[in-house]
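Have a look at the structure below, then the notes.
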Amino acid sequence: MPLSGSGETSAAQPLPMSFPLPAAAPPTARRTRARAVAADPDEETPAEETRTRETPVGDRQLVFFGAETAEPSVADLAGLLAGPGEVHRMGGTARLSVVVDAGWRVHVLVAELAQRGVRATWTPTEDQRYAVRTAYTRAIVPLAAAWLRGPTQQPPAGFQLDGRRLRLWLAAAGVVDPPEILLHLGGVDPGRWSVVGAALIAAGLVGELVEPGAGGPAYRISGRRRVLRLAELVGEPPPAAPPGAWPVRD
Numbered sequence: 001m002p003l004s005g006s007g008e009t010s011a012a013q014p015l016p017m018s019f020p021l022p023a024a025a026p027p028t029a030r031r032t033r034a035r036a037v038a039a040d041p042d043e044e045t046p047a048e049e050t051r052t053r054e055t056p057v058g059d060r061q062l063v064f065f066g067a068e069t070a071e072p073s074v075a076d077l078a079g080l081l082a083g084p085g086e087v088h089r090m091g092g093t094a095r096l097s098v099v100v101d102a103g104w105r106v107h108v109l110v111a112e113l114a115q116r117g118v119r120a121t122w123t124p125t126e127d128q129r130y131a132v133r134t135a136y137t138r139a140i141v142p143l144a145a146a147w148l149r150g151p152t153q154q155p156p157a158g159f160q161l162d163g164r165r166l167r168l169w170l171a172a173a174g175v176v177d178p179p180e181i182l183l184h185l186g187g188v189d190p191g192r193w194s195v196v197g198a199a200l201i202a203a204g205l206v207g208e209l210v211e212p213g214a215g216g217p218a219y220r221i222s223g224r225r226r227v228l229r230l231a232e233l234v235g236e237p238p239p240a241a242p243p244g245a246w247p248v249r250d
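Written out as structure tokens, the structure reads:
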């Protein structure tokens with residue numbers, strides 16, 4: 001069903017039922033903000049553990065830079081643009097869209113976007129996937145301004161990835177295939193991929209670039225420490241994620 005320019009469907013459309021509707025999430029403990037900790041991105045030794053310093057909240061531990069250490073914001077949507085997400089401008093507004101391969105991803109993304117005050121709709125694609133699109137809104141204009149160079153989409157200088165951005169990227173295009181995780185990319189420009197790869201390194205996640213002909217473009221995160229690091233950063237699995245689709249903390 002096509003979407004109008006406002007991001008609304010012509011009729012109310014339920015979320016795809018290839019995965020059941022998630023139950024309402026219980027109230028979570030109050031989040032606390034944490035300051036960044038410097039890290040050596042190439043180190044994968046016990047020193048890496050110092051980058052995952054934890055702050056107790058209730059009966060759980062929250063990781064610095066993790067998805068649970070700060071309130072969601074529209075800026076987190078840059079995580080979708082690190083992957084296959086695309087942003088488009090129209091006048092004084094902008095819209096973000098991403099195509100996903102499973103109904104559970106639609107559930108997760110619509111819920112994550114709603115947490116950030118951004119309304120989203122979805123439509124099936126001809127190749128049996130789902131296109132998730134936000135409405136055109138002024139809230140996304142800063143993202144569009146940072147990422148668009150004319151018709152070309154590129155990460156801005158100094159682009160960084162934290163737990164909240166990684167959580168959205170994983171929800172849209174992450175594939176858990178133990179003992180590794182693939183984070184699929186968008187676009188066709190290796191320069192765009194290299195900037196994202198540098199941001200992964202800065203987050204303590206050294207990834208191997210998988211070329212398009214070999215099942216990419218994607219970054220492969222492998223090794224127990226790095227996979228655990230990613231699991232700590234992205235936080236608990238969303239209610240809609242099926243078993244095995246989300247990395248878990250040991």
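Numbering-wise, the UniProt record's numbering puts 165 at position 165 of the sequence shown, and it's gapless, one number per residue. Ideal Cβ placement from N, Cα and C applies to all residues, glycine included. Just so you know, these numbers come straight off a predicted model, no measurement behind them.
According to the neighbour-count rule (16 or more other Cβ atoms, all chains shown, within 10 Å of its Cβ), is Gly121 buried or exposed?
Residue identity differs from the one stated: residue 121 is Thr in this sequence, not Gly. Buried.
Please return the same chain residues whose Cβ sits closer than 7 Å to the Cβ of Ala144, not counting the five positions on each side in sequence.
The answer, listed in chain order, is Val87, Arg89 and Ala94.
Is Thr121 near the ligand MG, going by C-beta to nearest heavy atom under 6 Å?
In terms of ligand content, the structure shown is empty, and the ligand MG therefore cannot be addressed.
Note down the Cα distance separating Leu77 from Gly83, rounded to an integer number of angstroms.
Each residue's alpha carbon lies about 10 Å from the other.
Let me know if Pro242 comes out buried or exposed under the rule of 16 or more other beta-carbons within 10 Å of its beta-carbon.
Per the 10 Å Cβ criterion, exposed.
Could you give the distance in angstroms between the alpha-carbon of residue 253 and the alpha-carbon of Ala171?
The requested residue 253 does not occur in the structure, where the chain is confined to residues 1 to 250.
Tell me, which residues are paired with Pro124 by DSSP?
DSSP output for Pro124 lists Tyr130 as bridge partner(s).
Between the region 131 to 141 and the region 95 to 103, are three or more C-beta pairs nearer than 8 Å?
Touching, yes.
Between the region 190 to 203 and the region 108 to 115, can you find at least three pairs of beta-carbon atoms closer than 8 Å?
No, the region 108 to 115 does not touch the region 190 to 203.
Under 6 Å Cβ to Cβ from Ala173, same chain only, skipping five residues before and after it: list those, please.
Cβ within range, chain order: Gly83, Pro84 and His184.
Where does Glu112 fall in DSSP's three states?
In the structure shown, Glu112 sits in a helix (DSSP, three-state: H, G or I).
Could you name each continuous alpha helix (DSSP H) segment of 4 residues or more that falls completely within the region 162 to 234, going from the start of the chain to the end?
163 to 173, 190 to 202 and 224 to 234, all fully within the region 162 to 234.
Hey, would you say Leu168 sits closer than 7 Å to Val175, going by beta carbons?
The answer is no: Cβ separation not under 7 Å.
Should Pro155 and Val188 be called a contact, given that it needs their Cβ atoms to be closer than 7 Å?
No. Outside cutoff.
Determine the direct distance from the alpha carbon of Ala157 to that of Pro142, and round the result to whole angstroms.
Roughly 14 Å separates the two Cα atoms.
Within its chain, find whatever has a CB closer than 6 Å to the CB of Ala114; leave out the 5 residues flanking it on each side and keep chain order.
Nothing meets the Cβ criterion.
Could you spell out the range, first to last residue, of the alpha helix (DSSP H) harbouring Val141?
Unbroken alpha helix (DSSP H) run through Val141: Val141 to Trp147.
Checking the sheet assignment: what are the DSSP bridge partners for Glu86?
The partner list for Glu86 (beta bridge, DSSP) reads Ser97.
Once you ignore the five residues that flank Gly213 on each side, which residues in its own chain have a CB closer than 8 Å to its CB?
Counting only Cβ-Cβ distances below 8 Å, and skipping sequence neighbours, we find nothing.
Who does Gln153 pair with in a DSSP beta bridge?
Gln153 is bridged to Leu148.
Nearest by alpha-carbon distance to Pro237: which of Gln153, Arg226, Gly163 and Ala75 is it?
With distances taken between Cα atoms, Pro237 lies closest to Gly163.
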